[in-house]
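Protein chains in written order, with the working numbering: chain A, 1 to 301; chain B, 1001 to 1109; chain C, 2001 to 2391.
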């Protein structure tokens, strides 16, 4: 499949103020290409919202609304219901317009989890995309429940007594899958065709769908900006961020190599892990091995 | 050449925020010109820019795929080039190019 | 054909929402608003109201869903009370600053702690500054009429602001009263379809919710203030149109037996009707006391207030909320502030009472008025009096 089959129209216009080499901006750009024009985007407060919407300008080429930090899924529910009611009453024709909620890991795993859970349970017809850069990056790299074990952040800093984040990353796709929604998937900008096809799949779902996209942040992860594609590739190849789908409750691995690369390949090129001992790294390796085995077990059901 | 961003660059820009009066704000401060932020020259941020050895280019468009700015456009010959108005000089295109077509060099004036 | 019914006021408010043909209802149950939400769910389930009913998982999400729905151009309604209004506090600001027409019925309830499900005005007073149009109602008819007016006011292109319709929790929401429900056809004529000018629509993309650096935030805020002030004219116009059509007229300030009065009592909400009985009793005893009520709380009716109290010597204000460590009665403090620029102004005595569902009888009102007159004549200099506390 040639990359020229990818839509060339930019719906997230250049001129936005994301950092040099921002993985999240890239992910948003990729997602928007596959979404097309017939969408309404509901965005949480966060990096992407700030870099794209300074009054009176906007980087967005599609209808877009930002209100607060933790209510993305709730606002999306309201937009979806509004379109549904207006279409049914014959006042508008928005039957094919898709509502797409976009939020970061903080706005999804922490402060936004309640609204997300509620919207999923109610079964609204929308896509929720979590752009996971693994911390509250916009406010200065503070930890979230999606920050990986051992990463240093400003509120879980590595120090004499601490190794950085002491908890393991919340498994958001699993939490979402537990709501029994039609479609859950993880994706990564380095595997762009996989990402594009998952967005298109989500567009066709009637009901809630969820995409969890790893979004490398060179500023917060302390890595070279030109290296973010390689890093996100390694995240998948080491099993740290597996690419999989849960379609109607059935698990399917999209990337299933014969052997995973060692996690140290991924960890050692990021400054946020620089302080980790060999012990900590082997602990991470152990956890990744366990999680990978469990995930593979789920795919066999 | 993509037309929309060129138009945004050259079109009469909306007044900058520190000159707008309260009467000139739309209801609820809604921004009604899609892509209007494209007037912002993020190319000023960069300290380096991509240089192309097109003899090696196989026109795979991976540089366009991986650009976080979305500023890599196809040329008339079907090659690809970053729009320096927006290019922040991150170097992802140079790193990911499978044929090493692109080198990041010091920014030229 | 309008129908005269004996109905619980909460249910009547839901009927008004049905008559208004709301498109989306996003609400979370909380005492004493539950009957409004339950009845709306029933109306939708029975096909009597064609709307999307979103049983959200919290009040914060209720108001957030309303933002989305109104931004999509749908006629949107919600209801809450007390703690619910507090939980959605940050979202309430956003509704008005983003100019989204939403109608919300608030069954006024006391705030925790200690927990109280009973009525007072503390929830209202906490949202004074949020930029919503706010209307107080005293009986079931007013609640129904003003719910209908609220939709028209909110969605008017010259306004485009959310509207709160306040009704006292339990004291009004749970009363069964005789109410005239207008005919659906007449409501349709009174209430045009919602036509939000810049909805979220792929055919004309807009960006809502930009962030504002210091260089432009002030302008955004001023635009909002001017808009709320200007809405007064539209509110009066729509109230007149409503009166012309349905025969019931509403005004920002309403007076009861205020002619040739030295002393005026101010109440808001359903306690006004009890106060009227006290006024009648005192008038019979020859005392010249009148009652005036603030129906329109925001935008504040400065002109009408100053006109109403022009000849009065004493104002006795009943607040059903308390602002700790400060002015005590929020309404009294606003009245004082509104009268301050006048060369000649009445003495203002503030009472705080009726908190957490504590009833105030007509006799109690007479006590309040007499005590207020005494304080006023003594020239006592207290910020406010608490009424009814057991020492």
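Note that CB positions come from ideal geometry on N, CA and C, so glycine has one too.
Everything numeric in this text was worked out from a predicted model, so none of it was measured.
| Residue span of the alpha helix (DSSP H) that contains residue 50 of chain A, given as start and end | 47 to 52
| So who's on the other strand from residue 2209 of chain C, going by DSSP bridges? | In the DSSP output, where bridge partners are listed per residue, residue 2209 of chain C has none listed.
| message | Going by DSSP in three states, residue 252 of chain A sits in which element: helix, strand or coil? | response | strand
| query | Which chain B residues are close to residue 49 of chain A, counting only those with a beta carbon under 8 Å from its beta carbon? | reply | Going along chain B, no residue has its Cβ under 8 Å from residue 49 of chain A, so there is no contact; the nearest lies around 12 Å.
| field | Spatially closest choice to residue 97 of chain A from C:2251, C:2204 and C:2024, by CA coordinates | value | C:2204
| task | Compare the C-beta of residue 1090 of chain B against all C-beta atoms of chain A and say whether one is closer than 8 Å. | result | yes
| Where do the N-terminal and C-terminal ends of the beta strand (DSSP E) with residue 2231 of chain C fall, by residue? | Not the beta strand (DSSP E): residue 2231 of chain C falls in the alpha helix (DSSP H), residues 2214 to 2246.
| field | Rounded C-alpha distance that separates residue 245 of chain A from residue 187 of chain A | value | 9 Å
| query | Any Cβ of chain C within less than 8 Å of the Cβ of residue 1043 of chain B? | reply | no
| task | Ignore the nearest five residues each way along the sequence and tell me which others in residue 2002 of chain C's own chain have a CB closer than 6 Å to its CB. | result | 2180, 2182 and 2183
| field | Neighbour list for residue 348 of chain A in chain C, Cβ cutoff strictly below 9 Å | value | Because chain A in this structure spans residues 1 to 301, residue 348 of chain A falls outside the shown range and cannot be described.
| message | Once DSSP output is grouped into helix, strand and coil, what is the label at residue 208 of chain A? | response | coil
| field | Residue range of the beta strand (DSSP E) that includes residue 260 of chain A | value | Element bounds for residue 260 of chain A: n/a, residue is neither H nor E.
| How long is the line joining the alpha carbons of residue 2011 of chain C and residue 26 of chain A, rounded to whole angstroms? | 51 Å
| request: Report yes or no: is there a C-beta of chain E within less than 8 Å of the C-beta of residue 1031 of chain B? | output: Of the chains in the structure shown, none is chain E; the protein chains are A, B and C.
| Closest Cα partner of residue 2331 of chain C within the set C:2312, C:2311 and C:2353 | C:2353
| From which residue to which residue does the alpha helix (DSSP H) around residue 300 of chain A run? | Residue 300 of chain A -> no alpha helix (DSSP H), and no H or E assigned at all.
| message | Can you tell me where the alpha helix (DSSP H) holding residue 129 of chain A begins and where it ends? | response | Where residue 129 of chain A is concerned, there is no enclosing alpha helix (DSSP H), although the beta strand (DSSP E) it sits in stretches over 126 to 132.
| query | From the DSSP output, which residues share a beta bridge with residue 1079 of chain B? | reply | DSSP output for residue 1079 of chain B lists no bridge partner at all.
| query | Can you check whether the CB of residue 2235 of chain C is closer than 8 Å to the CB of residue 78 of chain A? | reply | no
| From residue 1048 of chain B to residue 1107 of chain B, what does the alpha carbon distance come to, in whole angstroms? | 4 Å
| Along chain A, in chain order, which residues have C-beta atoms closer than 7 Å to that of residue 2071 of chain C? | 65 and 79
| field | Inter-stretch contact at 8 Å, needing at least 3 Cβ pairs: the stretch 156 to 164 of chain A / the stretch 97 to 110 of chain A | value | no
| request: Could you tell me whether any Cβ in chain C is nearer than 8 Å to the Cβ of residue 306 of chain A? | output: Nothing about residue 306 of chain A can be reported from this structure: the residues present for chain A run from 1 to 301 only.
| query | Is any beta-carbon of chain C found at less than 8 Å from that of residue 110 of chain A? | reply | no
| request: For residue 29 of chain A, go through chain B and note every residue whose CB falls closer than 9 Å to its CB, in chain order. | output: 1067, 1068, 1069 and 1070
| task | At 8 Å on the CB atoms, spell out the chain B contacts of residue 219 of chain A, in chain order. | result | The contacting residues do not exist; residue 219 of chain A stays about 12 Å from chain B at best.
| said: Among the candidates C:2388, C:2387 and C:2347, whose CA atom is the shortest distance from the CA of residue 2377 of chain C? | reply: C:2347
| request: Name the residue from A:53, A:15 and A:82 whose alpha carbon lies nearest to the alpha carbon of residue 125 of chain A. | output: A:82
| query | Where does residue 1042 of chain B sit, in a helix, a strand or coil, going by DSSP? | reply | helix
| message | With a threshold of 8 Å, are at least 3 pairs of Cβ atoms found where one atom belongs to the stretch 1014 to 1028 of chain B and the other to the stretch 258 to 272 of chain A? | response | no
| query | Nearest chain C C-beta to residue 1078 of chain B closer than 8 Å, yes or no? | reply | no
| Going along chain A in order, which residues have a C-beta closer than 9 Å to the C-beta of residue 1017 of chain B? | 54, 55, 56 and 57
| task | Kindly indicate if chain A contains any beta-carbon less than 8 Å away from that of residue 2058 of chain C. | result | yes
| task | Pick helix, strand or coil for residue 2066 of chain C, following the three-state DSSP scheme. | result | helix
| query | Residues in the stretch 2089 to 2108 of chain C with C-beta within 8 Å of chain B's C-beta atoms, listed in sequence order? | reply | 2097, 2098, 2099 and 2100
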